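All residue numbers for the sequence shown refer to the working numbering, where the first residue is 630 and numbers rise by one.
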Amino acid sequence: MSVKDVIKECKLFYLAGQKTTSVLLVRTMVLLSKHPNWQARAREEVTMIFHEVLRLYPPVAMLPRVVSKDTQVGDMCFPTGVQVVLPTILVHHDHEIWGDDAKEFNPERFVEGVLKATKN
């Protein structure tokens with residue numbers, strides 16, 4: 630196969646993939662709109678998957694915040710103006726919070742919602 634032939638094949642896969650994917654998605658939406666029970670189930674499962682992906686791979690690794698007034702949390706005192714950084718990537722992989730499978734992909738941990746997803 631020549632380089633020109635390879636380029637033609639790549640273009641074919643790209644263009645063919647666009648059409649078939651869009652048709653698949655449209656037909657999926659039409660069928661789900663006709664079957665609300667499946668629509669609800671699909672929404673729940675997709676939501677659990679998104680929550681788990683965001684937990685494992687948060688789009689922001691750290692959340693910086695500035696303390697707006699003197700605050701005490703447990704034994705720690707945070708004066709006004711201090712910057713506090715929450716390392717989301719560490720929190721989202723913490724075995725004490727998420728359990729022994731904290732680093733594994735397990736969307737079912739969100740089956741009862743976000744508030745009940747942790748082991749606590």
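Glycine included, each C-beta is placed from N, C-alpha and C at the ideal position. Everything numeric in this text was worked out from a predicted model, so none of it was measured.
Checklist line | Start-end ranges of the alpha helix (DSSP H) lying completely within the stretch 666-726, minimum 4 residues | finding: Listed in chain order, the complete alpha helix (DSSP H) runs (minimum 4 residues) inside the stretch 666-726 are 717-720.
Item checked: Distance, residue 734 Cα to residue 681 Cα -> For the purposes of this step, residue 681 is identified with residue 52 of the sequence shown, where counting begins at 1. For the purposes of this step, residue 734 is identified with residue 105 of the sequence shown, where counting begins at 1. Computed Cα separation, rounded: 7 Å.
Next item on the list: Run the CB neighbour count on residue 746, radius 10 Å, all protein chains shown included, and call it buried at 16 or more, exposed below.
Entry: One-based indexing of the sequence shown puts residue 746 at position 117. Buried, because 16 or more other Cβ atoms sit within 10 Å of the Cβ of residue 746.
Check: With a Cβ-Cβ cutoff of 8 Å, do residue 717 and residue 690 count as a contact?
Finding: In the sequence shown, residue 717 corresponds to position 88, counting from 1. In the sequence shown, residue 690 corresponds to position 61, counting from 1. A distance below 8 Å separates the beta carbons of residue 717 and residue 690.
Checklist line | residue 740 - DSSP class collapsed to helix/strand/coil | finding: If you number the sequence shown from 1, residue 740 lands on position 111. The three-state reading of DSSP puts residue 740 in coil, since its state is none of H, G, I, E or B.
Note to self: Just to confirm before moving on: does the CB-CB distance between residue 687 and residue 696 stay below 8 Å?
What the structure shows: Reading the sequence shown from its first residue, position 58 is the one you call residue 687. Reading the sequence shown from its first residue, position 67 is the one you call residue 696. In this structure, residue 696 does not lie closer than 8 Å to residue 687 by Cβ.
Note to self: By the three-class DSSP mapping on this structure, what secondary structure does residue 732 have?
What the structure shows: Here residue 732 refers to the residue found at position 103 of the sequence shown. The DSSP-derived three-state label of residue 732 is coil.
Checklist line | Simplified DSSP state of residue 631, which is helix, strand or coil | finding: Your numbering for residue 631 matches position 2 in the sequence shown. Correct three-state label for residue 631: coil.
Check: Based on Cα-Cα distance, which residue from 657, 658, 684 and 665 lies nearest to residue 739?
Finding: Here residue 739 corresponds to residue number 110 of the sequence shown, with the count starting at 1. Nearest option by C-alpha distance: 684.
Checklist line | residue 693 and residue 714 closer than 8 Å at C-beta | finding: To locate residue 693, count along the sequence shown from 1; it is residue 64. To locate residue 714, count along the sequence shown from 1; it is residue 85. By the CB criterion at 8 Å, residue 693 and residue 714 fall inside the cutoff.
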